[in-house]
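Be aware that the sequence shown starts at 84, since it is given in the working numbering, and climbs by one per residue.
Glycine residues also receive a C-beta, built at the ideal position from the N, C-alpha and C atoms.
No experiment lies behind these values; they were computed from the predicted model shown.
Report on the structure given below.
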Amino acid sequence: MLKLKVPATSANLGPGFDTLGLAMKVYNTFFFSEIDRGIDLIIRDKSTGKIFEIPQEDNLLYQAMKFLFNKRGKEFTGLKIIEEINIPFARGMGSSATAVTAGLVAANILMDKPYTEQEIIDFSVEIEGHPDNVLPALKGGFVINVMCDNGLVYKKMTVSNNLKIVMIIPDFQLKTEVLRSVLPDKIQYRDAIFNQSRTALLTACFYDNDWSKLRSAMEDRLHQDYRADLIPGFHKLLEIAYQSGALGVALSGAGPSLLAFCKQNEELIGQNMAAKFAEFKINSTYIITEVDNKGIQVEKTGVR
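See below:
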């Protein structure tokens, strides 16, 4: 039996478009056990027990495992897999990254680890298409991702547990491809400078755990305003979150969820943001969590 626990992630964090990400203490859990033949795949909601009917060939965990088995020239069969889902789909919380990373790490373990950690990272980025969710899912913490000509360079920072996260999750999905389609092909030079300065400031805030400048550090001109039209009440939600005591607020990933950092008033921030969504006829829920500094966890192994 093999059990993997993978954290949710939030990318972009305002100005860090496709470059910044962090892991959160909300988890999808994956169980793997040997059977005689075939692949028996069950996907269920952790809170309700509902079974998700997703065709096997469309399942990202299955695709990632098959990718690695094929790369090694091994037959992918003889497994029962249970995905216990606690991270909502298509809400900007890295649900796809949990499946990709769990699939690759599990496949590597089941084949007696022929691939290095760096190779698993590279495969994750290849499958997911960008590093800002898969890296924090694998490594935890706050991660800076830089794509270079010779591959990925990254830097992880451990985050103090005095920083709380309120995640407001609306009751509708937005696919990443839709959210990317609204972005312009070109930007103004002044907007690039605007984001460059704030990305540097946000990184410095996480470097020394100084949250006093998060509001300025999380401003953005590259993606949030373009995506705001797809999220009813977006700017009003930012406004009410700051009025309620948030230190920094931004889209989580591409959205539609929003992330608010705070040190206190967590419940008030969540309640007020949910109430503001309701004014725009949007049902929502919120969770209060903090940064996960561990990344993917192999909790139990007994694979023969």
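Anticipated Cβ contact below 8 Å, residue i with residue j, distance rounded
{"i": "Arg263", "j": "Pro197", "result": "The Cβ separation is near 34 Å, so there is no contact."}
{"i": "Leu313", "j": "Val265", "result": "7 Å"}
{"i": "Pro90", "j": "Asp375", "result": "4 Å"}
{"i": "Thr368", "j": "Lys108", "result": "Between Lys108 and Thr368 the Cβ distance is about 16 Å, and since that is not below 8 Å, they are no contact."}
{"i": "Asn228", "j": "Gly104", "result": "7 Å"}
{"i": "Ile122", "j": "Ile165", "result": "With 8 Å as the limit, Ile122 and Ile165 do not qualify as a contact, their Cβ atoms being about 12 Å apart."}
{"i": "Lys346", "j": "Asn245", "result": "6 Å"}
{"i": "Ile248", "j": "Ser340", "result": "About 11 Å separates the two Cβ atoms, so there is no contact after all."}
{"i": "Ser216", "j": "Thr112", "result": "Sequence check: residue 216 is Asn here, not Ser. Going by Cβ atoms, the distance from Asn216 to Thr112 rounds to 18 Å, so no, they are not a contact pair."}
{"i": "Leu218", "j": "Gly186", "result": "Not really, about 16 Å apart at Cβ, beyond 8 Å."}
{"i": "Pro98", "j": "Asn278", "result": "4 Å"}
{"i": "Met176", "j": "Gly336", "result": "7 Å"}
{"i": "Leu330", "j": "Arg298", "result": "7 Å"}
{"i": "Asp274", "j": "Asn366", "result": "Rounded, the Cβ-Cβ distance is 34 Å, inconsistent with contact."}
{"i": "Val242", "j": "Phe206", "result": "Rounded, the Cβ-Cβ distance is 26 Å, inconsistent with contact."}
{"i": "Thr259", "j": "Ala220", "result": "Actually they do not touch by this definition, with Cβ atoms about 15 Å apart."}
{"i": "Gly234", "j": "Ala106", "result": "The Cβ separation is near 22 Å, so there is no contact."}
{"i": "Leu351", "j": "Gly316", "result": "About 18 Å separates the two Cβ atoms, so there is no contact after all."}
Where residue i sits in the DSSP three-state scheme
{"i": "Pro267", "result": "coil"}
{"i": "Gln347", "result": "coil"}
{"i": "Val386", "result": "Bear in mind that a pLDDT of 45 at Val386, under 50, signals an unreliable position, so the model cannot answer this."}
{"i": "Gln139", "result": "helix"}
{"i": "Met84", "result": "coil"}
{"i": "Met176", "result": "coil"}
{"i": "Val229", "result": "strand"}
{"i": "Glu166", "result": "strand"}
{"i": "Val332", "result": "strand"}
{"i": "Gln380", "result": "strand"}
{"i": "Ser207", "result": "helix"}
{"i": "Ser299", "result": "helix"}
{"i": "Leu321", "result": "helix"}
{"i": "Asp293", "result": "coil"}
{"i": "Ala198", "result": "Note on identity: in this sequence residue 198 is Tyr, with Ala being the wrong assignment. In the structure shown, Tyr198 sits in coil (DSSP, three-state: anything other than H, G, I, E or B)."}
{"i": "Asp128", "result": "strand"}
{"i": "Asn111", "result": "strand"}
{"i": "Ala106", "result": "strand"}
{"i": "Val249", "result": "strand"}
{"i": "Thr372", "result": "strand"}
{"i": "Ala91", "result": "strand"}
{"i": "Asp119", "result": "coil"}
{"i": "Ser243", "result": "coil"}
{"i": "Lys359", "result": "helix"}
{"i": "Gly97", "result": "coil"}
{"i": "Gly186", "result": "helix"}
{"i": "Ser327", "result": "coil"}
{"i": "Ile134", "result": "strand"}
Residue i versus the options, residue with shortest Cα-Cα distance
{"i": "Ala343", "options": "Phe360, Glu350 and Ala324", "result": "Ala324"}
{"i": "Pro267", "options": "Arg127, Trp294, Arg310 and Ala329", "result": "Arg310"}
{"i": "Asp101", "options": "Leu193, Tyr237 and Tyr272", "result": "Tyr237"}
{"i": "Thr286", "options": "Gln256, Leu124, Glu209 and Phe225", "result": "Phe225"}
{"i": "Ala147", "options": "Lys258, Phe255, Gly353 and Gly212", "result": "Gly212"}
{"i": "Leu87", "options": "Ile276, Tyr110, Ile270 and Gly336", "result": "Tyr110"}
{"i": "Lys296", "options": "Val332, Asn233, Leu320 and Gly223", "result": "Val332"}
{"i": "Lys239", "options": "Pro214, Val261, Gln256 and Leu257", "result": "Pro214"}
{"i": "Gln256", "options": "Val208, Phe150, Gly338 and Tyr272", "result": "Gly338"}
{"i": "His318", "options": "Ile270, Met356, Glu349 and Ile125", "result": "Met356"}
Counted within 10 angstroms of its Cβ, other Cβ atoms place residue i as buried (16 or more) or exposed
{"i": "Phe135", "result": "exposed"}
{"i": "Asn95", "result": "buried"}
{"i": "Thr181", "result": "buried"}
{"i": "Gln307", "result": "buried"}
{"i": "Glu322", "result": "exposed"}
{"i": "Ala173", "result": "buried"}
{"i": "Ala283", "result": "exposed"}
{"i": "Glu200", "result": "exposed"}
{"i": "Ser130", "result": "exposed"}
{"i": "Gly132", "result": "exposed"}
{"i": "Ala358", "result": "exposed"}
{"i": "Ile125", "result": "exposed"}
{"i": "Val261", "result": "exposed"}
{"i": "Ile29", "result": "Nothing about residue 29 can be read from this structure; the chain reaches only from 84 to 387."}
{"i": "Arg387", "result": "Confidence at Arg387 is low in this model, with a pLDDT of 40, below 50, so its placement is unreliable and no value can be given for it."}
Cβ-heavy atom distance, residue i to the ligand ADP, below 7 Å
{"i": "Asp101", "result": "Looking at this structure, you won't find the ligand ADP or any other ligand, since it has none at all."}
task = Would you be able to state if there are at least three C-beta pairs under 8 Å between the segment 293-306 and the segment 112-124?
result = Contact fails between the segment 112-124 and the segment 293-306, because fewer than three Cβ pairs, one in each stretch, are under 8 Å apart.
request  = Could you tell me whether the segment 165-174 touches the segment 349-365, where touching means 3 or more Cβ pairs closer than 8 Å?
outcome  = Under the three-pair Cβ rule at 8 Å, the segment 165-174 does not count as touching the segment 349-365.
ask   = Can at least three beta-carbon pairs, one atom from the segment 190-204 and one from the segment 141-159, be found at a separation below 8 Å?
value = Three or more Cβ pairs drawn from the segment 190-204 and the segment 141-159 lie within less than 8 Å of each other, which places the two stretches in contact.
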